[in-house]
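Q: The structure under discussion is supplied below as structure tokens; questions concerning it will follow.
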Amino acid sequence: MAEPSVKYATTSDGVGIAFADTGGDGVPVVYMRGSPFTHVQLEWRETSFNFWFDHMFARRRLITFDCRGCGLSDRDVGEVSVEAFGRDIAAVADKLGLDSLALFAGQADGMAAISFAADNPERVSRLILRDTYADGARFFEIPQVKAFLSMMENDWDMFTTTLAHYVVGWGTLAATEYVEFLRAVCTQEQALAFFQDYVMSADTSDDLPRITQPTLVLSHKNVAIPDFDTVRNLAARLPNAELVVLEGTWGQPGDNSPVMEAALDRLLGDAPTAIETEPAVPAIGSLVTILFTDIEGSTALTQ
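Residue numbers for the sequence shown follow numbering that gives the first Met the number 0, beginning at 0 and rising by one.
Put into structure tokens, the structure is as follows:
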């Protein structure tokens, strides 16, 4: 996929938001990759991200953007909150004239996507959540998250190196590229402020039952930040969700590409009224799909 040009939208509170639009057909997908490590220009030159763009969205219209304080968007901003990030989403959608869109968010950006989808059901027709969580404080109770945060505070070079290899794969060229990407798009101070000032205080748990749109929840087996239980519990509280469990990490999507494409096709069809799958017994080590069609019926899976 060719690298799109970078454009800007202005939020209702005057913040400049950088975005890129690939054009294309079908349901427009607004992608929030995972703040604060985003950059709408440099990401197109990075191997692990290019796989997503080339293989998962080659036939679709994909819009990426940097939230306030990140990437090419305005960095010096007063408010960083779920509500503020919602204004960023709205600004990009308004600029492009999108009355209806699918919202795709990963990691910490999932909280803003959850809030925006709950508050704007007429505008968000579908929701995709990848390795994300609804409660920032509970996220920081996960042991691996505590370890990464400590590393972020005390040794930025070690943190970026470890995170890159953890996500993309140890000893790979893509991991080396991702280390350079992380250090280019975000400073240690910016990352600490994002997680300590925003993520730790954000909680969108009460929004989950309000999201009636078809929702695809993706969880990678080798991702522990957040862990599977966190993602599963999130999916169980969504009234119309499909949980798809994948091998590896989001930075190693190669073996999962047919599964991912099928899941996206189910969700982003011309006029889906719900997400449907054929019942099957999965083989060991293969894809696992769980449907959550009501909160009460899924309670046992969250205990």
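For every residue, glycine included, the Cβ atom is placed at its ideal position computed from N, Cα and C. Being a predicted model, the structure only gives us computed values, none of them experimental.
Is it buried or exposed for Leu-172, if we count other Cβ within 10 angstroms and need 16 for buried?
A: Within the sequence shown, residue 172 is the residue found at index 173, counting from 1. Exposed, because fewer than 16 other Cβ atoms sit within 10 Å of the Cβ of Leu-172.
Q: Give me the Cα-Cα distance between Arg-44 and Glu-179, rounded to the nearest whole angstrom.
A: Locating residue 44 in the sequence shown gives position 45, counting from the first residue. Locating residue 179 in the sequence shown gives position 180, counting from the first residue. Each residue's Cα considered, the two are about 12 Å apart.
Q: Suppose the cutoff is 6 Å on Cβ atoms and the five residues either side in sequence are ignored; what does the same chain contact list for Val-308 look like?
A: Nothing can be reported for residue 308, as the shown portion of the chain is limited to 0 through 302.
Q: Residues in its own chain within less than 7 Å of Gln-143 by CB, not counting five upstream and five downstream?
A: Stepping through the sequence shown from its first residue, residue 143 is reached at position 144. Once the five neighbours on either side are set aside, the close Cβ partners of Gln-143 are Ala-223 and Ile-224.
Q: Taking C-alpha atoms, which residue in Asp-24, Val-39 and Gly-105 lies nearest to Ser-4?
A: The sequence position of residue 4 within the sequence shown is 5, counting from 1. Ranking the options by Cα distance to Ser-4, first place goes to Val-39.
Q: Indicate whether Arg-67 and Gly-23 have their beta-carbon atoms separated by less than 8 Å.
A: Taking the first residue of the sequence shown as position 1, residue 67 is located at position 68. Taking the first residue of the sequence shown as position 1, residue 23 is located at position 24. It is not a contact, given that the beta carbons lie outside the stated cut-off.
Q: Should Phe-56 be flagged as near chain C, meaning a C-beta pair shorter than 8 Å?
A: Absent here is chain C; the protein component of the structure consists of one chain.
Q: Is the region 182-194 touching the region 204-219, taking contact as three or more C-beta pairs under 8 Å?
A: No, the region 182-194 is not in contact with the region 204-219.
Q: Do Val-258 and Glu-241 count as a contact pair if the criterion is CB distance below 8 Å?
A: The residue you call residue 241 lines up with position 242 of the sequence shown. The residue you call residue 258 lines up with position 259 of the sequence shown. Taking 8 Å as the Cβ cut-off, Glu-241 and Val-258 do not qualify as a contacting pair.
Q: One question on the structure: do Val-26 and Leu-237 come within less than 8 Å of each other, judged by their Cβ atoms?
A: Along the sequence shown, read from residue 1 onward, the residue named residue 26 stands at position 27. Along the sequence shown, read from residue 1 onward, the residue named residue 237 stands at position 238. No, these two residues do not count as a Cβ contact at 8 Å.
Q: Quick one: give me the first and last residue of the alpha helix (DSSP H) that Tyr-165 is part of.
A: The residue labelled residue 165 in the question sits at position 166 within the sequence shown. Tyr-165 -> alpha helix (DSSP H) spans 155-167.
Q: Around the C-beta of Asn-153, are 16 or more other C-beta atoms found within 10 angstroms, so that it is buried, or is it exposed?
A: The sequence position of residue 153 within the sequence shown is 154, counting from 1. Result: exposed.
Q: Can you check whether the CB of Ala-234 is closer than 8 Å to the CB of Gly-135?
A: Translated into positions along the sequence shown, residue 135 becomes position 136. Translated into positions along the sequence shown, residue 234 becomes position 235. Their beta carbons are not under 8 Å apart, which means Gly-135 does not touch Ala-234 by this criterion.
Q: With distances taken between CB atoms, is the gap from Arg-129 to Gly-168 smaller than 8 Å?
A: Here residue 129 refers to the residue found at position 130 when the sequence shown is read from its first residue. Here residue 168 refers to the residue found at position 169 when the sequence shown is read from its first residue. For Arg-129 and Gly-168, no; Cβs fall outside 8 Å.
Q: Jot down the residue ranges of each uninterrupted beta strand (DSSP E) in the region 177-245, minimum 3 residues, whole runs only, in chain order.
A: 214-219 and 240-245
Q: By Cβ distance below 7 Å, which residues in the same chain neighbour Thr-10 in space, the five residues on each side in sequence not counted?
A: What you label residue 10 is simply residue 11 of the sequence shown in a count that begins at 1. If we look at Thr-10 and ignore the five residues flanking it on each side, its Cβ neighbours are Ile-16, Arg-86, Asp-87 and Ala-90.
Q: If Phe-147 sits next to Leu-162, beta carbons under 8 Å apart, how far is it from one beta carbon to the other, in whole angstroms?
A: In the sequence shown, residue 147 corresponds to position 148, counting from 1. In the sequence shown, residue 162 corresponds to position 163, counting from 1. 7 Å between Cβ atoms; contact.
Q: Using the Cα positions of Gly-13 and Gly-109, report the straight-line distance between them to the nearest angstrom.
A: Position 14 of the sequence shown, counted from the first residue, corresponds to residue 13. Position 110 of the sequence shown, counted from the first residue, corresponds to residue 109. If you take the alpha carbons of Gly-13 and Gly-109, they lie about 23 Å apart.
Q: Would you call the CB atoms of Asn-111 and Val-81 closer than 8 Å?
A: Counted from its first residue, the sequence shown places residue 111 at position 112. Counted from its first residue, the sequence shown places residue 81 at position 82. Reading off the sequence, residue 111 comes out as Ala, not Asn. For Ala-111 and Val-81, yes; Cβs fall inside 8 Å.
Q: Any idea which residues DSSP pairs Lys-6 with across the strands?
A: In the sequence shown, the residue the question calls residue 6 occupies position 7. Lys-6 is bridged to Phe-18.
Q: Should Pro-213 go down as buried or exposed, given a rule of 16 or more other Cβ atoms within 10 Å for buried?
A: Stepping through the sequence shown from its first residue, residue 213 is reached at position 214. The residue in question, Pro-213, is buried, as its Cβ has 16 or more Cβ neighbours within 10 Å.
Q: Just to check my reading of the structure: Lys-94 and Ala-8 have Cβ atoms closer than 8 Å, yes? What is that Cβ distance to the nearest angstrom?
A: Position 95 of the sequence shown, counted from the start, is the residue given in the question as residue 94. Position 9 of the sequence shown, counted from the start, is the residue given in the question as residue 8. Sure, about 4 Å apart at Cβ, within 8 Å.
Q: Can you look up Gly-135 in the DSSP assignment and give me helix, strand or coil?
A: Position 136 of the sequence shown, counted from the first residue, corresponds to residue 135. Correct three-state label for Gly-135: helix.
Q: By alpha-carbon positions, which one of Asp-98, Tyr-132 and Leu-41 ends up nearest to Ser-114?
A: Locating residue 114 in the sequence shown gives position 115, where the first residue counts as 1. Minimum Cα distance to Ser-114 is reached at Tyr-132.
Q: Can you look up Phe-36 in the DSSP assignment and give me helix, strand or coil?
A: Position 37 of the sequence shown, counted from the start, is the residue given in the question as residue 36. Here Phe-36 sits in coil by DSSP.
Q: Could you name the residues of the same chain whose beta carbon sits closer than 7 Å to that of Cys-69, not counting the 5 residues immediately before and after it, in chain order?
A: The sequence position of residue 69 within the sequence shown is 70, counting from 1. Hits under 7 Å: Ser-34, Pro-35 and Thr-37.
Q: Could you check the C-alpha separation between Leu-97 and Phe-18 for me, to the nearest Å?
A: Position 98 of the sequence shown holds residue 97. Position 19 of the sequence shown holds residue 18. Taking the straight line joining both Cα atoms gives about 14 Å.
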